[in-house]
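These notes concern the structure reproduced below.
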Amino acid sequence: MLSVSERLSIDWKWRRHREHHRRHFLPFFLTTYVLFAVGSTVLEKSGPPLGPRPSQRILRVRRWPQSLSEANRQREGPQGPEKAKGQGGEAKKRKLEAPNSESPVASDDMGLKALLDMHSEQMRRMQSQIDGLVAINSSLQARLDDQAESQAQEVKELGEKCNVIELSHWIEQGRAAEYADNMEECLRSIKEEVERIRNGENIYCGCLDNEDWPAMVNDNALLPHFKELADAIQLSNGIQHICIDNIELRPSTLGILFPAMEGKVKLVDMRRIRFPAEHVTECYEIFAASIRRNHALERITWINQISSDEQADLLIKSIIDNRAIKQIRLENCFNQSGVNGCRALVTLMTCGRPFEWLDFGENGLSDIDDVAAALATNPQLEKLFITGNQLNNSDAELIAQALKQNTNLQVLCTWMRTTSLPPDLKR
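The sequence shown begins at 1 in UniProt numbering and counts up by one.
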């Protein structure tokens, strides 16, 4: 058995050893345990580790150091704490920057980079399209500027030419002095008319009404003046009435004046117009096309000889096609020309269009059986004027019979006198 002193010595050594263990190993054990637990949790959440395999790290963690100083040396490394810290940061940076197909962070980075590349490519294509549109716009703007400059120069030149027609110009062409004076007066009238139209003061354009003067012969020197008049009409708010009388017109003149009237003139009055023989067909085509397109036109007067049925059909068709026209005066168009005026009148009466009145006076109409038959169909016609024609008693009887079946016609004018219909025949 041990003595009391030996027991006390053993007990003191045991207590000393236990105290040493509590002071030195227990804190390190607890710290290691906590670090291991936290590290395991992080590894489970973040996926596969970037560093060594877990088994290797566990082995390193489970290796107990001999003392705290050894543990500190292992953590700091042989070159000091700052060097160890720097190496640890560089290692971590290399791990983060190194491509790792198994890391979700690296996968996200690659997806973001692809998205940015796609966006950059789209922006590049859009910028290329914008650059192309800007170039096209610049080209079109340059062309428009060139055209505007050219037109301004043309207007300026025409304006200058309008003032250079001297009396000698007409005399040199073999015209009489009276004709030269008349042309000077006509040009002055055109200028005054242009100013009134531009000022909005004019509702009747009569500068081309040459009724009381010698017939005006077409001349290219007049084209700038016609162009100035046409521009004024086209830029106006519209005029009520234009009269062109006793003038020779060619395609060049018609091509300037009549397109400008479209949508602007309500009444076109054409009298004693002459077309050169070689340009008759073209002139009728230009005139008919303008009548068809002028939807402001409500009334048309045509007092001119029509030389063929083809030209008559062209004119009649253009009138029918323009549904804005309500009043038609075709006077002295078919007499002694061989053109069938009755056929033209019947075409207008049976086209289905409503007309306020038709005036077919002085056309040499006779044997109007077809006209009477058309009246009996009760066309949408309020007034009919057929004065100055070659009608006989038989024609009058046919008309009287036709009127019994007509309830739309309100007024019939024949033989230079007006006949009001009986009340029972009125609409």
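Beta carbons are placed, not taken as given, at the ideal position from N, Cα and C, and that holds for glycine.
- Relative to N363, the option among I319, A312, S168, A400 whose CA is nearest is A312.
- The C-alpha of I386 is placed about 6 Å away from the C-alpha of C413.
- The Cβ atoms of A215 and N237 do not sit closer than 7 Å to each other.
- Secondary structure at R353: coil, using DSSP grouped into helix, strand and coil.
- Within 10 angstroms of the beta-carbon of E178 lie fewer than 16 other beta-carbons, which makes it exposed.
- Of M123, N182, P224, the smallest CA-CA separation from I256 is found for P224.
- Beta-bridge analysis with DSSP links F385 to D359, C413.
- Of all alpha-carbon atoms in L249, E184, K266, R292, the one lying nearest the alpha-carbon of R272 is that of L249.
- With a 10 Å radius around the Cβ and a threshold of 16 neighbouring Cβ atoms, V371 comes out buried.
- Going by DSSP, R323 is part of no beta strand (DSSP E) at all; its letter is neither H nor E.
- Bridge partners of E248 according to DSSP: R274.
- Counting only the Cα atoms, G352 lies some 13 Å from K326.
- With respect to L254, R299 sits apart: the two C-beta atoms are not nearer than 7 Å.
- Less than 7 Å separates the beta-carbon of C205 from that of I239.
- C243 carries a strand assignment under DSSP once its states are collapsed to helix, strand and coil.
- G341 is classed as buried because its beta carbon has at least 16 other beta carbons within 10 Å across all chains shown.
- Taking a cut-off of 8 Å on C-beta distances, the stretch 315 to 331 touches the stretch 276 to 296, as three or more cross pairs fall below it.
- Of all alpha-carbon atoms in V217, A135, G132, the one lying nearest the alpha-carbon of N182 is that of V217.
- With a beta-carbon spacing of about 5 Å, P251 and E282 fall inside the 8 Å limit used to define contacts.
- For the set L391, L384, D146, S366, the Cα lying nearest the Cα of N408 is the one of L384.
- In chain order, I316, I319, I320, I328, F355, L358 place their CB closer than 8 Å to the CB of L348, counting only its own chain and leaving out the 5 sequence neighbours on each side.
- DSSP, reduced to helix, strand and coil, places K227 within a helical segment of the structure shown.
- Pairing A260 with A230 gives a Cβ-Cβ distance under 7 Å.
- In terms of Cα proximity to N210, the closest of D219, C186, E201, V411 is C186.
- In the DSSP assignment, Q327 falls outside any alpha helix (DSSP H) and within the unbroken beta strand (DSSP E) covering 327 to 330.
- Taking every protein chain shown into account, the CB of A232 has 16 or more other CB atoms within 10 angstroms, so this residue is buried.
- With fewer than 16 other Cβ atoms from the protein chains shown falling within 10 Å of its own Cβ, L144 counts as exposed.
- Rounded to whole angstroms, the separation of the alpha carbons of E285 and W302 is 15 Å.
- Around the beta carbon of L398, 16 or more other beta carbons sit within 10 angstroms, so the residue counts as buried.
- For I171, there is no enclosing beta strand (DSSP E); the residue is part of the alpha helix (DSSP H) that begins and ends at 167 to 172.
- Counting only residues of its own chain and dropping the five nearest sequence neighbours on each side, M110 has no CB closer than 8 Å to any other CB.
- Per DSSP, I303 is one residue of the beta strand (DSSP E) stretching across 299 to 303.
- Taking N137 as the centre and dropping the five residues before and after it, the same chain places no C-beta closer than 8 Å to its C-beta.
- A distance below 7 Å between beta-carbons, with the five flanking residues on each side excluded, links V346 to the following residues of its chain, in chain order: D370, V371, A374.
- One alpha carbon belongs to Q122, the other to A135, and they sit about 20 Å apart.
- Per DSSP, C207 has no beta bridge partner at all.
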